[in-house]
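Undergrad: Starting off with a structure, shown below.
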Amino acid sequence: MGQDSLEPGGFTDLLLEEGHDNTTQIEEDTDHNYYTSRTYGPYDSTSRDLWVNIDQMEKDKVKIHGILSNTHRQAARVNLSFDFPFYGHFLREITVATGGFIYTGEVVHRMLTATQYIAPLMANFDPSVSRNSTVRYFDNGTALVVQWDHVHLQDNYNLGSFTFQATLLNDGRIIFGYKEIPVAVTQISSTNHPVKVGLSDAFVVVHRIQQIPNVRRRTIYEYHRVELQMSKITNLSAVEMIPLPTCLQFTSCGPCVTAQIGFNCSWCSKLQRCSSGFDRHRQDWVDSGCPEESKDKICEKNIDTTETPLYSTTTLLPTTTRFRVLTTTRGSTTSHLPTSLPTEDDTKIALHLKDNGASTDDSAAEKKSGTLHTGLIIGILVLVLVVAAAILVTIYMYHHPTSAASLFFIEDARFDGPEANHAVLNVMDCIPVIQIIAQVI
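For the sequence shown, the UniProt record's numbering assigns the number 1 to the initial residue and increments by one for each residue that follows.
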């Protein structure tokens, strides 16, 4: 197929490619203050070029996450081998979820799908319903590719399988590639799970509750969201998101206060940081009195305007920031994260797994097919052992009527008076009861 035409060396080309064919029809969303999005249709050669064929990569570097590939509503941490800039913040760890998205937040809470995500196609996917479903990822040191392979919707299996991927590059670009989308994304039900395509980020503010010692309330403010048009997501389509300059890229006062990038950048001498006041470091900014200092944009020393920004500078019109608020409460004495935590859609994050739950392509395929057989064998062995134990106990009591066990059952039956004659019957009745319990187990 056309989307699999990428040669093994094409992944390097993808990382270095800066421009595209000028005849390509590019749709730009002006609401993306932090990113510029470009959507490529199925008949555009660029969409096929942006698809990364994981099957042609080094097999020892392609990992299939065993837990994510066999469960529903699970998420697991994955370490990055490079610094990935997301909304100007550098990440070295992300969380991959079975629901078709990547969680980028540091604070684990009960609403992973609400904000701080990279979502090529967030929906109620359940890899456990099909042996062909896998969640794979590949890290070559400069980019991470996460692919949801042949996954089905848990509440509508008959719609068919979905195959799509998200690529995170070390220059901050994010690419969504779509190979198999059997139904219009707008028709996917959001009753049991949110359906989203895009990006989101937020900052966390911690408040101490005076009435309750050692308890802190975390309020999560979503300060920006990129919502892509779901109608554009089809077979062989692709979306490329290019990061725009942010205040965080400036490391000195002069370039910070004179920047014309669409944000009201201010310099805080106490933190030695440039910010618009709305990023993941919001609480440090406020607690350090930076909002008051930012009113005076005069630098203490000579203004140095020779600093080179990380990205090309683009002049944009400033826009109003709106927030969505989420609140969580937890004890401040807890220094470690829980090993499993439900979210708003009952997604559980397997923090204790990290990369340990992942294996290479070949070994993961064997684990996938052998899981059911192992469980069946264990169940049969347990049933046989329980029944054998019940039979041995019954035979022993029959041949040793004066033993402590036999006398216990007899005395227990006589305790009720007239039912003493049923003592032997009660002992024999243990066999079907134990068999029923074994079947339930």
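Glycine included, each C-beta is placed from N, C-alpha and C at the ideal position.
Taking buried to mean at least 16 other C-beta atoms within 10 Å of its own C-beta, is SER312 buried or exposed?
TA: One-based indexing of the sequence shown puts residue 312 at position 312. Because the pLDDT at SER312 is just 37, under 50, the model does not fix this residue reliably, and the point stays unresolved.
Undergrad: From the DSSP output, in three-state form, read off ASN79 for me.
TA: In the sequence shown, counting from the first residue as 1, residue 79 sits at position 79. Strand, per DSSP.
Undergrad: Count the other CB atoms, across all protein chains shown, that sit within 10 Å of the CB of GLY289; report buried if there are 16 or more and exposed otherwise.
TA: Locating residue 289 in the sequence shown gives position 289, where the first residue counts as 1. Counting Cβ neighbours within 10 Å, GLY289 comes out exposed, since fewer than 16 surround it.
Undergrad: Buried or exposed for LYS179, please, with buried defined as at least 16 other CB atoms from any protein chain shown within 10 angstroms of its CB.
TA: On the sequence shown, residue 179 is found 179 positions in, with the first residue counted as 1. Buried, by the Cβ-count rule.
Undergrad: Given TYR35, which residues of its chain have a CB within under 8 Å of its CB, disregarding the five upstream and five downstream residues?
TA: Position 35 of the sequence shown holds residue 35. Hits under 8 Å: ILE174, LEU199, VAL226, MET241, ILE242, PRO243 and LEU244.
Undergrad: Would the beta-carbon of ILE181 fall within 8 Å of that of ARG136?
TA: Your numbering for residue 181 matches position 181 in the sequence shown. Your numbering for residue 136 matches position 136 in the sequence shown. The answer is no: Cβ separation not under 8 Å.
Undergrad: Are ALA143 and LEU169 close, meaning C-beta to C-beta below 8 Å?
TA: Residue 143 sits at position 143 when you count from the first residue of the sequence shown. Residue 169 sits at position 169 when you count from the first residue of the sequence shown. In contact: ALA143 and LEU169 (Cβ atoms closer than 8 Å).
Undergrad: Given a cut-off of 8 Å on the beta-carbon distance, is the pair MET147 and ILE54 in contact?
TA: As a first step, residue 147 is located in the sequence shown; it is residue number 147 there, counting from the start. As a first step, residue 54 is located in the sequence shown; it is residue number 54 there, counting from the start. Per the sequence presented here, residue 147 reads as Gln, with Met not at that position. Contact: yes.
Undergrad: Measuring CA to CA, which of PRO291, PHE162 and ARG92 is closest to GLY172?
TA: What you label residue 172 is simply residue 172 of the sequence shown in a count that begins at 1. GLY172 has its Cα closest to that of ARG92, out of PRO291, PHE162 and ARG92.
Undergrad: Among PRO127, VAL185 and ALA388, which residue has its Cα nearest to the Cα of LEU68?
TA: Numbered from 1 along the sequence shown, position 68 holds the residue referred to as residue 68. Closest by alpha carbon: PRO127.
Undergrad: Just to confirm before moving on: does the CB-CB distance between PHE100 and PHE82 stay below 8 Å?
TA: Looking up residue 100 in the sequence shown gives position 100. Looking up residue 82 in the sequence shown gives position 82. Per the sequence shown, the amino acid found at residue 100 is Gly instead of Phe. Not a contact, by the Cβ cut-off of 8 Å.
Undergrad: Would you tell me roughly how many angstroms separate the C-alpha atoms of THR314 and PHE263, rounded to the nearest one?
TA: Start at 1 with the first residue of the sequence shown, and residue 314 comes out as number 314. Start at 1 with the first residue of the sequence shown, and residue 263 comes out as number 263. Residue placement at THR314 is poorly supported in this model, since its pLDDT is 34, which falls under 50; the coordinates still yield a value, given next. If I take the Cα positions, the gap works out to 11 Å.
Undergrad: LEU121 and VAL52 look like a contact to me (Cβ under 8 Å); what is the Cβ gap, rounded to whole Å?
TA: Along the sequence shown, one-based indexing puts residue 121 at 121. Along the sequence shown, one-based indexing puts residue 52 at 52. Their Cβ separation, rounded to whole angstroms, is 16 Å, which puts LEU121 and VAL52 out of contact at 8 Å.
Undergrad: Among residues of its own chain, excluding the 5 on either side of PHE90, which ones have a beta-carbon nearer than 8 Å to its beta-carbon?
TA: Walking along the sequence shown from the start, residue 90 turns up at place 90. Cβ within range, chain order: ASP83 and PHE84.
Undergrad: Short of 6 Å in beta carbon distance, which residues of its chain neighbour TYR40, apart from the five on each side in sequence? Order them along the chain.
TA: The residue labelled residue 40 in the question sits at position 40 within the sequence shown. Same-chain partners within the cutoff: THR46, SER47 and ALA238.
Undergrad: What did DSSP end up calling ALA114 once you bin it into helix, strand or coil?
TA: The sequence position of residue 114 within the sequence shown is 114, counting from 1. Here ALA114 sits in coil by DSSP.
Undergrad: Kindly give me the distance between the Cβ atoms of ASP149 and THR163, rounded to whole angstroms, as I take these residues to be in contact under 8 Å.
TA: Working through the sequence shown from its first residue, we reach residue 149 at position 149. Working through the sequence shown from its first residue, we reach residue 163 at position 163. Going by Cβ atoms, the distance from ASP149 to THR163 rounds to 5 Å, so yes, they are a contact pair.
Undergrad: Buried or exposed, going by whether 16 or more other CB atoms sit within 10 Å of the CB of ASP49?
TA: Position 49 of the sequence shown, counted from the first residue, corresponds to residue 49. Buried, by the Cβ-count rule.
Undergrad: Pick helix, strand or coil for GLU293, following the three-state DSSP scheme.
TA: Reading the sequence shown from its first residue, position 293 is the one you call residue 293. GLU293 falls in the helix class under three-state DSSP.
Undergrad: Relative to the alpha-carbon of SER190, which residue among ALA97, GLY105, LEU248 and THR113 has its alpha-carbon at the smallest distance?
TA: Within the sequence shown, the letter at position 190 stands for residue 190. Comparing Cα-Cα distances from SER190 to each of ALA97, GLY105, LEU248 and THR113, the minimum goes to THR113.
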